[in-house]
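K.L.:
Please read through the structure below; I'll follow up with questions.
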Amino acid sequence: MNPGNAEGRPRQSGPVISESSVATESKVTQRPAAAPQSGLDLVVDMESIALQYAVFAGWPVFPVHWTDEHGCSCRKDCGRDAGKHPRTPHGVLDATTDAAQVAAWWQEWPLANIGIATGAPGPDVLDFDVKNGGLGMETYQRLRAAGLLRGVQATVTTPSGGCHLYFPAGGHRSGAPKADGKALGLDIQCQGKYVLAPPSRIFGRKYRLTGKRHRQHPAVHAADIPAILQLLSPAPPVPAPRPARERQPGEISPGDDFEARADWADQMLLGGAGWTFVRQRGAALQWRRPGKDGGKSALTGGDRGDLFSVFTSEAPPFDKDVSYSKFAVYTLLHHGGDFSAAARELRRIGYGSVGAVS
Ligand SMILES: [Zn+2]
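Going by my numbering, the sequence shown opens with residue 278, and the numbers climb by one from there.
Structure follows, in structure tokens:
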């Protein structure tokens, strides 16, 4: 047996993700004698499979660290990253479809896990995660029920119980949709990302191909990522304008009640804001703004109805040539223009009635 000789290994032909290839349990060969590990005699021929992804599917691949009884092959404490981080210096940027390079990598590291660069020319992958209470399966079911998981080219189950759905790349951006700030257990892996591909394994547990279609199959098509995002993270709805509450017969609003009962000279109105009564002319009252020694700055009453009509630009918060109701003046002076707050306060101090008195 000469396990280092690539010619001696079984190699299947035909496109990756065809009915006869990738990660089948029969794809085994003698484990390289130079890398004895778990006591098994047989190990999957990672080089051959990496070549199939690269050459037949045209998906760029690169080698990823692997795990053995000592942990991650980098010999550091990689935690959740064990067996999942790149073996080459630039990781996914090193990914290639070049057969000679792929063969050279796996001849150097025969046990390396296989990383596939996602996004064209690789696949887009929907990565449903169920680790640590992740919502991946709920999200999967919702998308499936909505018909948004059609077009799948390959389905892969992951060591942690999640799944990867491979689609032909659609030119979308990677991302992880959230709803109300909460992760949904879905990573959309497109340009710049990678997935571990079958038969990569983490501590003996494999990425397994569980469903596949030839990429020319009429049912295979790119995922509708925009529709997926719209379903999972809809834009917040524009709040509908609140319909005015219907008044009971005889009900008087605090604003209307205030309008009827308050006096312009009241402390809540001009009297409390430094305005000075000047004189009455007919039905109109003349007022002088705070800080002015003579003359008049505004009128109340008169031809325009019982409004406060300002003819100076030097009396904030009021504007020149604008007329204000008592309720508006009160709101501007005491509630910064917040009419709801003003109405609440007026009701609190006794304005308005729930009515039904006739
Ligand atoms: Zn590591």
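Where a beta carbon is used, it is the ideal one built from N, C-alpha and C, also for glycine. Predicted model only: the values in this text are computed from it and were never measured.
In the DSSP assignment, the alpha helix (DSSP H) including Arg538 goes from what residue to what residue?
P.N.:
531-538
K.L.:
Count the other C-beta atoms from every protein chain shown that fall within 10 angstroms of the C-beta of Thr577, then say buried if there are 16 or more, exposed otherwise.
P.N.:
The C-beta of Thr577 has 16 or more other C-beta atoms within 10 Å across all chains shown, which makes the residue buried.
K.L.:
Name the DSSP beta bridge partners of Asp345, please?
P.N.:
Gly348
K.L.:
Could you pull the start and end residues of the beta strand (DSSP E) that Ile465 belongs to?
P.N.:
Its beta strand (DSSP E) spans residues 463-466.
K.L.:
Any chance the region 450-462 sits against the region 421-438, with 3 or more Cβ pairs inside 8 Å?
P.N.:
no
K.L.:
Please state whether the Cβ-Cβ distance between Gly488 and Thr432 is less than 8 Å.
P.N.:
yes
K.L.:
Ignoring anything shorter than 4 residues, give me the alpha helix (DSSP H) runs that lie fully in the region 590-618, in order along the chain.
P.N.:
603-611
K.L.:
Quick one, which of Ile529, Phe554, Glu528 has its alpha-carbon nearest Asp540's?
P.N.:
The residue from Ile529, Phe554, Glu528 with its alpha-carbon nearest to that of Asp540 is Phe554.
K.L.:
Measuring CA to CA, which of Pro475, Glu385, Leu461 is closest to Val321?
P.N.:
Taking only the C-alpha atoms, the option nearest Val321 is Pro475.
K.L.:
Should the region 581-593 be called in touch with the region 493-502, which here means at least 3 C-beta pairs below 8 Å?
P.N.:
Judged by pairs of C-beta atoms under 8 Å, the region 581-593 does not touch the region 493-502, as fewer than three such pairs exist.
K.L.:
Which partner residues of Thr650 appear in the DSSP bridge assignment?
P.N.:
What the structure shows of the chain is the stretch from 278 to 635, and residue 650 is not part of that stretch, so it cannot be assessed.
K.L.:
Arg308 to Asp354, Cα distance in whole Å?
P.N.:
Caution applies to Arg308, whose pLDDT of 42 falls short of 50 and renders its modelled position unreliable; the value that the coordinates give is listed next. When rounded, the distance between both Cα atoms is 26 Å.
K.L.:
Would DSSP call Leu403 helix, strand or coil?
P.N.:
strand
K.L.:
Once you ignore the five residues that flank Gly614 on each side, which residues in its own chain have a CB closer than 7 Å to its CB?
P.N.:
Thr608
K.L.:
Measuring from the CB of Asp345, is there a heavy atom of ligand 1 at a distance below 7 Å?
P.N.:
Asp345 has its CB no nearer than 7 Å to any heavy atom of ligand 1.
K.L.:
Let me confirm a value: Glu346 is counted as buried when at least 16 other C-beta atoms fall within 10 Å, else exposed. Which label applies?
P.N.:
exposed
K.L.:
Measuring from the CB of Ala359, is there a heavy atom of ligand 1 at a distance below 7 Å?
P.N.:
yes
K.L.:
What number of angstroms, rounded off, separates the C-alpha of Ala376 from the C-alpha of Gly413?
P.N.:
35 Å
K.L.:
With three or more beta-carbon pairs closer than 8 Å as the criterion, would you say the region 434-442 touches the region 324-343?
P.N.:
Contact between the region 434-442 and the region 324-343 is absent, because fewer than three Cβ pairs lie under 8 Å.
K.L.:
Is it buried or exposed for Ala537, if we count other Cβ within 10 angstroms and need 16 for buried?
P.N.:
exposed
K.L.:
Who does Lys470 pair with in a DSSP beta bridge?
P.N.:
Checking the DSSP bridge columns, you'll see Lys470 has no partner listed.
K.L.:
Mapping the DSSP letters down to three states, classify Gly360 as helix, strand or coil.
P.N.:
coil
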